[in-house]
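To start, the structure itself, in structure tokens.
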Amino acid sequence: KMFLAGSWGADFHPDLRPNDDEIVLLPHKGTDVFMTDLPDHLERMGITHLVIAGMTANLCCEGTGRHAAESGYDVTFLWDAIGSENVPSYEAAVNLNYPLIGNAVMKVDEFLAALDGTASTDGVQKGDTVRGSDHLEIGTIEEIVAATGEVEAHIIVPRGLIFEKETFIPLDAVVRRAGTDVFVNVPKLVIKEMPWDSPPSRADQRQKRGPAAGGVEKLYGSRSPSAHDRATAAAIGASTGHLSNEPLA
């Protein structure tokens, strides 16, 4: 049963009452907190990175993180500050789903260390431990290679018991450094499937990315779905009497 706003029993318990500087989201019945007015507050405050903790792992935390990631936000899950109603649901969320959704899954202490230290790639050092977004260890940095005209900046992790070859990880994949731990935005399970068995070539990257957005006139080559082009086509059609969906000859 829900109390009407302003009626007796509708307020917060005194021990849980928010401070004056804390934000209270609109009530919601679903598990996805991103379906409240949370996006409005994030946009108003210029926040682009969500750090998620709380209850429950496979419902509110996972649903909110997934929706936020789909909306373009960076997401970090604090696995030792997240709870669930049972162990299987917790393990499935933390070990399987979170690494595929967020930038990193880390402990609270690691997150606080990242806030105090370097939160980007600037502080990456030789000898740092590289971890996947699932928090599993990938290896130790053997060398840091600066960008040149031929290759992108990257780190080299030597082969070991798990990886038979050296791994060349682009610095762009590094999302956070906490102490001497470096987190990349790919789970360890997927590392073998990444094209990281050789230094990242600038030519290969340009070929994969294609032309710059500013140089693309039409998204699909023959026509563009943009409102601007539709309006232009409608204007041309009106002037020529050709108003069908078929392109003009």
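FYI, in the numbering used here the residues of the sequence shown are 782 to 1030. Glycine is no exception: its CB is placed at the ideal position from the N, C-alpha and C atoms.
Could you tell me the alpha carbon to alpha carbon distance between residue i and residue j, rounded to whole angstroms?
i: G811; j: R847; result: 14 Å
i: V955; j: S865; result: 29 Å
i: A900; j: R958; result: Legend: pLDDT at A900 = 48, less than 50; position of this residue unreliable, value from coordinates given subsequently. When rounded, the distance between both Cα atoms is 6 Å.
i: V963; j: L970; result: 17 Å
i: V926; j: E891; result: 25 Å
i: E974; j: V967; result: 10 Å
i: L797; j: E803; result: 12 Å
i: V965; j: N884; result: 7 Å
i: E933; j: H809; result: 46 Å
i: P820; j: R940; result: 43 Å
i: R983; j: H935; result: 12 Å
i: L823; j: T829; result: 7 Å
i: E918; j: G787; result: 51 Å
i: E863; j: W789; result: Just to set this straight, residue 863 is Ile in the shown sequence, not Glu. For I863 and W789, the distance between alpha carbons rounds to 32 Å.
i: L893; j: A874; result: 22 Å
i: A849; j: C842; result: 11 Å
i: M887; j: K907; result: 21 Å
i: E929; j: D985; result: In the sequence as presented, Glu is not what sits at residue 929; that position holds Thr. About 14 Å.
i: G827; j: P799; result: 22 Å
i: G904; j: A895; result: 10 Å
i: D909; j: T921; result: 6 Å
i: W1033; j: E998; result: Nothing about residue 1033 can be reported from this structure: the residues present for the chain run from 782 to 1030 only.
i: S852; j: A994; result: 20 Å
i: L806; j: M816; result: 10 Å
i: P869; j: V814; result: 23 Å
i: P795; j: D818; result: 24 Å
i: L785; j: D801; result: 22 Å
Please list the terminal residues of the continuous alpha helix (DSSP H) segment that includes residue i.
i: P976; result: It is not in any alpha helix (DSSP H) - P976 carries neither H nor E in the DSSP assignment.
i: H848; result: E843 to E851
Can you check whether the C-beta of residue i is within less than 7 Å of a C-beta belonging to chain C?
i: F964; result: Here there is only one protein chain, and chain C is not present.
Terminal residues of the continuous beta strand (DSSP E) containing residue i?
i: L859; result: D855 to G864
i: H809; result: Where H809 is concerned, there is no enclosing beta strand (DSSP E), given that its DSSP letter is neither H nor E.
i: A959; result: V955 to A959
i: D985; result: Looking at the DSSP string, D985 is not in any beta strand (DSSP E); the run it does join, the alpha helix (DSSP H), is R983 to R990.
i: V963; result: D962 to V965
According to DSSP, residue i sits in a beta bridge with which residue or residues?
i: F815; result: Per DSSP, none; premise fails for F815.
i: M826; result: The partner list for M826 (beta bridge, DSSP) is empty, contrary to what the question assumes.
i: G835; result: I863
Cα-Cα, which of the options is closest to residue i?
i: N878; options: G853, L893 and G844; result: G844
i: N876; options: L819, G913, P992 and R987; result: G913
i: M836; options: D818, F858 and E851; result: F858
i: L881; options: G904, Y871, A862 and V856; result: V856
i: H916; options: H809, W860, E933 and G827; result: W860
i: E924; options: S870, G996, I950 and Q986; result: I950
i: N839; options: N867, L893, R825 and M826; result: N867
i: V911; options: T961, K946, D897 and S979; result: T961
i: K946; options: E931, D953, L952 and I972; result: I972
i: Y854; options: G995, A994 and V832; result: V832
i: S979; options: I937, G996 and A993; result: I937
i: E931; options: L952, P981, D897 and T948; result: P981
Self-check item: In chain order, each beta strand (DSSP E) run of at least 3 residues that lies wholly inside the segment 868–952
Solution: 885–887, 910–912, 918–921, 924–926, 935–938 and 948–951
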